[in-house]
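For the sequence shown, the working numbering begins at 854 and goes up steadily by one. Report on the following structure.
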Amino acid sequence: MTDQLPREEPIVPRSTPCASCPYRVNVPSGIWDADEYAKLPRYDADVPDQPTAVFLCHLDEGCACAGWLGHANPANLLAVRLGVLRHRLDPACLTYTSDVSLFPSGEAAAEHGRRDITHPSSQAAAAIDKLERLRHLASTDHDSAIQ
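Shown next as structure tokens:
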């Protein structure tokens, strides 16, 4: 998920990569759509060729993806540099680190993630079910707040 919407408060880093983060080494393959995995390697490009959109957490609305920030030096991400300069990202994003085991690149994370998309394991199926339940709960809470 990438951020393209105007915001008043800067986006902060999530405290730790979520349990279903595509950058986590221990996340089952195939839990995200191929389009989501396709976004990851683009941030591996040379800085001027990287996307300018911030990669947001899929679960924690308003937070930058901790796996994206923590898999390498976040100061080498164009979206982080621009986000901080434009006051859209909290400066803590520039120095974010994680103790969670993460893939060393977006390409490695994407390759792992795409591997089992057509035949997800039982662990991946359970993770997908959990994500769907969480998204349903979040949309139900959002709908209730609007009414």
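Cβ coordinates follow ideal geometry from the N, Cα and C atoms, glycine included.
Taking only three categories from DSSP, how would you classify residue i?
i    : result
P944 : helix
R877 : strand
V907 : strand
P866 : strand
L955 : strand
A961 : helix
A919 : helix
E861 : coil
P973 : coil
N926 : coil
R988 : helix
Taking only the alpha-carbon atoms, compute the straight-line gap between residue i and residue j and give it to the nearest angstrom.
i    : j    : result
F956 : G920 : 9 Å
S954 : R939 : 30 Å
S958 : H972 : 24 Å
L909 : E964 : 20 Å
A998 : A979 : Because the pLDDT of A998 is 45, which lies under 50, any placement of that residue in the model is unreliable, and the number read from its coordinates should be weighed accordingly. Near 29 Å, if we compare the C-alpha coordinates of A979 and A998.
S951 : R986 : 27 Å
L930 : G966 : 21 Å
A962 : K892 : 10 Å
T869 : S974 : 25 Å
G915 : E861 : 11 Å
Tell me which residues share the same chain as residue i and place their Cβ nearer than 7 Å to its Cβ, disregarding the 5 neighbours each side in the sequence.
i    : result
L942 : P863, I864, V907, A917, V933 and G936
Would you call the CB atoms of residue i and residue j closer than 7 Å?
i    : j    : result
L947 : A928 : yes
P881 : Q976 : yes
G923 : Y949 : yes
I970 : A898 : no
P866 : A945 : yes
Among residues of its own chain, excluding the 5 on either side of residue i, which ones have a beta-carbon nearer than 8 Å to its beta-carbon?
i    : result
R968 : S882 and G883
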